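See below for the structure under consideration.
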Amino acid sequence: MDIQERQDFLLAQSGDREAFGRLATSHWPALCQWLFGVSGCAHTAEDLAQEAFLRSWRHLARLRSAEAWRTWLFRTALHAYIDLSRRKSGKSLEGLAFASSAPGPEALAIAAETERALAVGLASLPAELRAALLLATQQGLPYAEAAAIQGVTEETARWRVYKARQLLLRMCFGPHEVPV
Amino acid sequence: MTPCETTRGWLLASPDELAPEVSQHVARCEACRETLARLNQIDQFARGIAPADASAGLEKLLTRLDEEPAAPALQAWAGWLPAERAARFVLAASLLAAVGLGWLLGRWPSTSAGPSQAVDYANLVTRAVEHDLQLSAAQTPDDRARVMLALSEDLRREMFRAAEQGQPDLEMLAALYQQTLAGGLDNNVRSAPADRRAALEAELAAALEHASREAQQLAPRLSSHTGAQVSLVGESARTAVDRWRRSHESPASETPVANGALARPETMLAMLVTRGSAIRSDADAVELSEHSAELAEQLMSSIVSASDQGQTEWAQQLSQQLPAVADRAAANLKVADAAVLSAEKRADLDRIAEQFDASTRAMEQKLERLPAPARAGIQRAIEASRFGRERAAQARQGHPAARAGGAKGPPGKAGGPPGLRKGKGADSDDQDEARREAKEQQRERIKERDE
Chain A
1 MDIQERQDFL
11 LAQSGDREAF
21 GRLATSHWPA
31 LCQWLFGVSG
41 CAHTAEDLAQ
51 EAFLRSWRHL
61 ARLRSAEAWR
71 TWLFRTALHA
81 YIDLSRRKSG
91 KSLEGLAFAS
101 SAPGPEALAI
111 AAETERALAV
121 GLASLPAELR
131 AALLLATQQG
141 LPYAEAAAIQ
151 GVTEETARWR
161 VYKARQLLLR
171 MCFGPHEVPV
Chain B
181 MTPCETTRGW
191 LLASPDELAP
201 EVSQHVARCE
211 ACRETLARLN
221 QIDQFARGIA
231 PADASAGLEK
241 LLTRLDEEPA
251 APALQAWAGW
261 LPAERAARFV
271 LAASLLAAVG
281 LGWLLGRWPS
291 TSAGPSQAVD
301 YANLVTRAVE
311 HDLQLSAAQT
321 PDDRARVMLA
331 LSEDLRREMF
341 RAAEQGQPDL
351 EMLAALYQQT
361 LAGGLDNNVR
371 SAPADRRAAL
381 EAELAAALEH
391 ASREAQQLAP
401 RLSSHTGAQV
411 SLVGESARTA
421 VDRWRRSHES
431 PASETPVANG
441 ALARPETMLA
451 MLVTRGSAIR
461 SDADAVELSE
471 HSAELAEQLM
481 SSIVSASDQG
491 QTEWAQQLSQ
501 QLPAVADRAA
511 ANLKVADAAV
521 LSAEKRADLD
531 RIAEQFDAST
541 RAMEQKLERL
551 PAPARAGIQR
561 AIEASRFGRE
571 RAAQARQGHP
581 AARAGGAKGP
591 PGKAGGPPGL
601 RKGKGADSDD
611 QDEARREAKE
621 QQRERIKERD
631 E
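As C-alpha cells, then:
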C-alpha cells in the first residue's frame, strides 16, 4: 500500500467517506476478481464485495492499519462466501463462468482447450484450495497474508496452494504429472 | 523418490522461486520442464480470471456508502476516554502521531531545518508540545480553538515551505491539517458559548481564508502532485469556514464532526504524548494532574528510548521540553492537593502522585546512561517533580496532610479550574468540613484494608 492509501485509511477512520470511497475504488477490482475466481459468478462476486466493503466501513475504528484493513476485507468476503455456500448447500453457485483476459481472439484453439480444462478443474477444486491458490497466484499475496485471510497457519496456506496445483495438474494434464 | 519426483514437489510448492539445484535439474530434464510449463499455465490462468466489468457494482457500493450512517469511529476508545473528550483527543493525538510517524519511519532529520531538508519534524514536535501545554492550561473552548488554529498554521506553513523546496511527500501533513480543522478546531468552535461564537468564527475564518488564498497562489507553481496536496489544504480551510456559515443557516443540519480512532502502536505512543490536548474546559483538578503527569512520564520514557536507540538529538530535544511539562505536572498536583476532593478522587490523586514519583525515580536510575544534554533537562524535571514525590510519600505513610488536602494553599492566581475551591473566605468552613469528612472516609478505608 502506498502512502496515499495509508493516508486515506486514516482519514476514513476519522469518518471521511470520500477517503473511504477512494480506498474502495482502489481495492474493488482486486477483491471482485478474487471473489469471481472463488465463486465463479460475477454477480455473486459483486454482491459479496459490496457487503465486505460496507462491513469494513462500519468496523474501521477497530483496525490498526491499512494493511490490516485489506486482510480483514478479504477475510470478511471469504466468510460471506462460505455463509452463502452453506445457505445454498447442495446447489452450485450458478456455475463457474470464468472469463480469462489472457487469450485474445487470436488465441490458438489448443490454448482455448487448455483454458477450458483449467476452468473446469479450478471449479472442481474444494473452495478452500481455490481461495488459497488465487490469493497466492492471482493476488500475489505472501503466504502469511493469505493465511491470515483464511484464518489458518502459514504452513496450511502453503499446503493448500501446493495441493491445488497438484490437483489441477492431475485433472487437466493427466495423473502421470502428479508426484508421489 | 527419484530426482524428478523430488523436483516436481519443489515445483508445486513454488514454481516462481526455484532453488539453483532444482533449476539445474529442470534445465536437464524434459519431463520436469514440461511440468514447470504446465504449472506456469495454471498460475497464468489464475491470474487472468476476472469478471468482464465490475464497475457497476462499484458505483452501487459508493451509493450505498453515502446512505450508511457515520462509522462509529470512536468506539475503540470507549473504554479509555469519555466520548466527548475522545473527539478532541483524537485530533490532537493524530497531529503528533504523524510527527512521531515521521521519526519512526526514519525521516527524522539529523540536524535542524535547512534548505536541503524536507519537513522539519523536529521543530513541529517542539511546537506541538508547546501547543499541548497551552491546551492543558486553556479553560474555554475559545482558547482551545485558537491554540488548534495555531497548530494547524504550524503544519500548513511547514508544508508550504517544504512544497516550495520541492519536497514531494507532503500527504501526511495535508491529512493532518485537514484533521486539525475538521476535528479539534471545529469541535471547539461548536462548543463555544453562543454569545461568543460568531466573533470567534469571524476571527478564525480570517486566518483560514488567508490560508486558502496562499494555497491558491502557491499550488500553480508546484508539480501537479504537490500542487494537488497544497490545493487540498486550501480547500480544507475554505470548507471549514463554509461549514460554520452553513451551520448558521440551518443549525439542525449540522453534520457530525469527523472524529477518528487511531489504533496503531506508534499512534498510541504519540497519543499518550498529547493527552494534555484532550482536557475538557470543565476538567477537575485531578484530571488535570493526571493529564500533565502522564505527558511528563511519556516524555521521560521517550527520552530513554530515543537515547537507547542512538537518537541523541531526539532525546535532547525531548529533554528540552520536559522541564516545562514537569513543572506543569507538579503545579497541577499541588492545585489538586489543595482542592476539596471526594475520597475516590483523593485516592486517584494518590495513585497519580505515586505513579509520577515512580517515573521520576526510574529516570534518576537511568540518568547516567543518558547523553549529557538530555541529563540537564531530566535533572530539571526531577527537581520540578519533587512535590509529586513528597505527595506520594505522604500518601504511602497515610499522612493526614496528604489525605485531607489543604495542608498547602493553592498557588497564586484566582479563578482555578471548576471544582476547585480556593481562598479562605466564606468557603473555608465548608472546606474544613469536607476535609474532615474526607479524612474520616480515608481512615475507614485504611482500617478496612488493614483488617
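Protein sequences appear in the order of chains A and B. Per the working numbering, the very first residue in the first sequence carries number 1; after that it's consecutive. Per the working numbering, the very first residue in the second sequence carries number 181; after that it's consecutive. Positions of the beta carbon are idealized from the N, C-alpha and C atoms, including for glycine. Remember, predicted model here, so these are calculated numbers, not experimental data.
Query                                                                                                                            : Result
L402/B and A354/B closer than 7 Å at C-beta                                                                                      : no
Alpha-carbon spacing of Q204/B relative to E214/B, whole angstroms                                                               : 14 Å
Through-space distance from R526/B to E467/B, alpha-carbon basis                                                                 : 11 Å
Cα-Cα separation, L122/A to C209/B                                                                                               : 28 Å
Inter-residue spacing [alpha-carbon to alpha-carbon] between A420/B and A362/B                                                   : 7 Å
Same chain, Cβ closer than 7 Å to S371/B, neighbours up to 5 away in sequence not counted                                        : P321
Sequence-distant residues of the same chain with beta carbon closer than 8 Å to L125/A, five excluded per side                   : L133, A164, L167 and L168
Whole-angstrom distance between E154/A and S194/B, CA atom to CA atom                                                            : 14 Å
Among P200/B, F567/B, R549/B and L547/B, nearest to Q535/B - alpha-carbon criterion                                              : F567/B
Exposed unless 16 or more other CB atoms sit within 10 angstroms - verdict on N220/B                                             : exposed
Cβ contact (3+ pairs, closer than 8 Å) linking the stretch 40-50 of chain A and the stretch 381-389 of chain B                   : no
Residue interval of the alpha helix (DSSP H) (run including I229/B)                                                              : Taken as a continuous stretch (DSSP letters only), I229/B belongs to no alpha helix (DSSP H), as it is neither H nor E.
Straight-line gap, A399/B to A330/B (C-alpha atoms, nearest Å)                                                                   : 22 Å
Contacts of R165/A in chain B (Cβ-Cβ under 7 Å)                                                                                  : L192, L219 and I222
Residue from A19/A, G151/A and Q138/A whose Cα sits closest to the Cα of L35/A                                                   : Q138/A
Members of the stretch 20-35 of chain A that neighbour chain B once the beta carbon cut-off is set at 7 Å                        : F20, G21, A24, T25, W28, P29, C32 and Q33
Contacts around A24/A, its chain only, beta-carbon distance under 8 Å, and the 5 residues preceding and following it disregarded : F53
Which of helix, strand or coil DSSP assigns to P183/B                                                                            : helix
Nearest-angstrom Cβ-Cβ length linking T360/B and L380/B, presumed shorter than 8 Å                                               : So it is not a contact: roughly 16 Å between Cβ atoms.
Straight-line Cα distance separating E185/B from C212/B                                                                          : 9 Å
Outcome for S404/B when other beta-carbon atoms lying within 10 angstroms are tallied against a minimum of 16                    : exposed
Cβ neighbours of W190/B in the same chain (closer than 8 Å, five flanking residues each side left out)                           : L198, A199 and V202
Pick from S332/B, L479/B, Q358/B and A552/B that is closest to L10/A, judged by C-alpha positions                                : Q358/B
Where T306/B sits in the DSSP three-state scheme                                                                                 : helix
Minimum Cβ-Cβ distance from F53/A to chain B less than 7 Å                                                                       : yes
Inter-residue Cα distance where the pair is L550/B and R541/B                                                                    : 14 Å
Under 9 Å from the C-beta of G237/B: neighbouring residues of chain A                                                            : W28, C32, A42, H43, A45, E46, D47, A49 and Q50
Range of the contiguous alpha helix (DSSP H) that encloses H27/A                                                                 : R17 to S39
Beta-carbon neighbours of F173/A, restricted to chain B and to distances below 8 Å                                               : R218
Close-in-space but distant-in-sequence residues of the same chain around R188/B (CB under 7 Å, 5 per side omitted)               : C212 and T215
Cα-Cα separation, R227/B to P183/B                                                                                               : 30 Å
Separation of R158/A from T76/A, as counted between CA atoms                                                                     : 21 Å
Cβ-based neighbour list, S332/B, same chain, cut-off 7 Å, excluding 5 preceding and 5 following                                  : Y357, T360, L361 and L365
Cut-off 6 Å between Cβ atoms - residues of its own chain near M171/A, not counting five sequence neighbours on either side       : G121
Completely contained beta strand (DSSP E) runs for the stretch 39-69 of chain A, where each covers 3 or more residues            : none
Cα-Cα separation between I558/B and A510/B, rounded to whole angstroms                                                           : 14 Å
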